[in-house]
Amino acid sequence: MTKTADIGLIGLAVMGENLVLNMESKGYTVAVYNRTVEKVDNFINGRGAGKNFIGAHSIEELVASLERPRKVMMLVKAGQPVDDFIDQIISHLEPGDIIIDGGNSYFPDTIRRTQYVESKGLLYVGTGVSGGEIGALHGPSMMPGGSAQAWPFVKDIFQSIAAKVDNGVPCCDWVGSDGAGHFVKMVHNGIEYGDMQIIGEAYQVMKDLLGMSADEMHEVFTKWNTEELDSYLIEITAEIMAYKDEDGSPMIDKILDKAGQKGTGKWTGSAALELGVPLTLIGESVFARFLSAQKDMRVEASKLISGPKPEFSGDKQAMLNDLKMALYGAKIISYAQGYNLLMAAAKEYGWQLDYGGIALMWRGGCIIRSAFLGDIKKAFDTNPALAHLLLDNFFKQKVELAQDGWRRVCAAALLNGIPAPSLTSALCYLDGFRSAWLPANLLQAQRDYFGAHTYERIDKPRGQFFHTNWTGEGGNTVSTAYNN
Ligand code: 6PG
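For the sequence shown, my numbering puts the final residue at 484, and the numbers step up evenly by one.
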């Protein structure tokens, strides 16, 4: 009898190759196909040698080797290649078969593709896969969404290959319909941008204000990784600080300060703008990457525009403690804002998101994995209807405790001309969030003054709109188009 495969994979690039090795190590037989077909043979005779893989040289061969319902997973470049492969596979599949996209696809594409594939009688899963190459091999975090009927057929494979936390709980569960999985993965990436940016800001404060060496910073990050900030990104930052180039000098000092990006942070920012969510920390982190990319202009400006020269004469250890608090406080804001975005999206797109479950999926395997996510899980376990993370007692107390040191760091950064856009904007958000009053009354007055956009009054019931003829020249006609 010819051997059949439990699942088929298209795309033997870094993620695909490692993910199928992970699947095979858990006892699954995997059929593999790649557009450049030599890659299939190289894999079967290389890392896949002697293992339960079926090498396919065409889509037809791949599909023919699968047991039913057939499960075909694509790990190809996001965008047009996904649509192209869907069209190529669809004609070879039968009703009930499942197409899975494990790339970083833009969630509106996944919504559209789910509808399209379902309209052909098939099922579609768009899943976030996080953790890079090592994660894919040893246990990624997986965030699947799409056609709910597909979940029972892919659940065992996904949960067995996913990272495990708390004695075996998989960092993978069903997220929701159509684009929900890819949306959650996109927010994960936005948070990743935010975490990386605030760590970068702390690095600049240590380097430029406190004059610390990479080795000293290695010590600080290593210590922080045993405390509240215990996380993968702090851990790798500690390792990066210690890494030496061939000449024995810190590798970090040799790297050009120009950030790249593939777009998921930008999508998160756009989604926040679309949904009207104040996602300031992630937004600033995306903009900070854009500013870093304007390297040549910055170099020119640095010769023309003067500013304060960083100077520090205080207690270095006290400043480092403040810096840790600044990172911790800002991190709470970032996740609170990210969850705010998830909640707004759930409402807009009709997803039933399990917020504690999402924290659990991010708790292990992925790039933003941290001890902190365990506290978020607890907050949603205590109150599944929690409207905002800052309204949870644990996090409320933590930002209250963090804010004095955090304010000192922001003040020092601003006074010394060190840019800290994400740490400072997060603090501004906190101050705005805890303000019963904000100066938006003046905005409303201005809007009414120049455009008759009307305003509500504090001495009248909400929902009644008023207009003042501020100049005595305008008429009494009001504009109704701009209220929310
Ligand atoms: C992950 C990462 C992964 C990838 C990012 C990098 O979860 O494993 O987020 O998806 O490394 O896309 O993003 P940028 O290139 O935009 O920094």
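Just so you know, even glycine gets a beta-carbon here, dropped at the ideal spot from N, CA and C.
Just so we're clear, the structure is a prediction, and the values are computed from it rather than from any experiment.
Where residue i falls, given that 16 or more other Cβ within 10 Å makes a residue buried
i	result
residue 450	exposed
residue 56	buried
residue 31	buried
residue 388	exposed
residue 170	buried
residue 39	buried
residue 206	buried
residue 227	exposed
residue 12	buried
residue 429	buried
residue 448	buried
residue 97	buried
residue 139	buried
residue 158	buried
residue 305	exposed
residue 286	buried
residue 247	exposed
Residue i - DSSP class collapsed to helix/strand/coil
i	result
residue 243	coil
residue 482	Low confidence applies here, because residue 482 scores a pLDDT of 48, under 50, leaving its location unreliable; read the following figure in that light. Here residue 482 sits in coil by DSSP.
residue 66	strand
residue 48	coil
residue 471	coil
residue 157	helix
residue 8	strand
residue 176	strand
residue 72	strand
residue 37	coil
residue 286	helix
residue 380	helix
residue 221	helix
residue 250	strand
residue 164	strand
residue 170	strand
residue 312	coil
residue 465	coil
residue 277	coil
residue 418	coil
residue 265	helix
residue 91	coil
residue 237	helix
residue 185	helix
residue 326	helix
residue 3	coil
residue 151	helix
residue 476	coil
Span of the alpha helix (DSSP H) around residue i
i	result
residue 226	Taken as a continuous stretch (DSSP letters only), residue 226 belongs to no alpha helix (DSSP H), as it is neither H nor E.
residue 426	421–433
residue 33	Run containing residue 33: none in the alpha helix (DSSP H); it sits in the beta strand (DSSP E), 30–33.
residue 410	393–415
residue 106	Residue 106 -> no alpha helix (DSSP H), and no H or E assigned at all.
residue 303	295–304
residue 369	Per DSSP, residue 369 belongs to no alpha helix (DSSP H) and is neither H nor E.
residue 444	440–451
residue 351	That residue, residue 351, is in no alpha helix (DSSP H); it is neither H nor E in DSSP.
residue 454	Careful: residue 454 lies outside any alpha helix (DSSP H) and carries neither H nor E.
residue 207	Element bounds for residue 207: n/a, residue is neither H nor E.
residue 22	14–25
residue 356	355–363
Span of the beta strand (DSSP E) around residue i
i	result
residue 58	It is not in any beta strand (DSSP E) - residue 58 carries neither H nor E in the DSSP assignment.
residue 496	Because residue 496 is not part of the residues shown, which for the chain are 1 to 484, the question remains open.
residue 125	123–130
residue 98	98–101
Contact belief for residue i with residue j at Cβ below 8 Å, rounded distance in angstroms
i	j	result
residue 341	residue 277	5 Å
residue 444	residue 455	4 Å
residue 185	residue 143	5 Å
residue 145	residue 182	7 Å
residue 398	residue 332	6 Å
residue 260	residue 282	Wrong, their Cβ atoms sit about 17 Å apart, outside the cutoff.
residue 71	residue 16	The pair is not a contact, with the Cβ atoms about 14 Å apart (cut-off 8 Å).
residue 125	residue 100	4 Å
residue 36	residue 54	That pair is no contact at about 18 Å.
Any chain D beta carbon closer than 8 Å to residue i
i	result
residue 156	The structure shown contains no chain D; it is built from a single protein chain.
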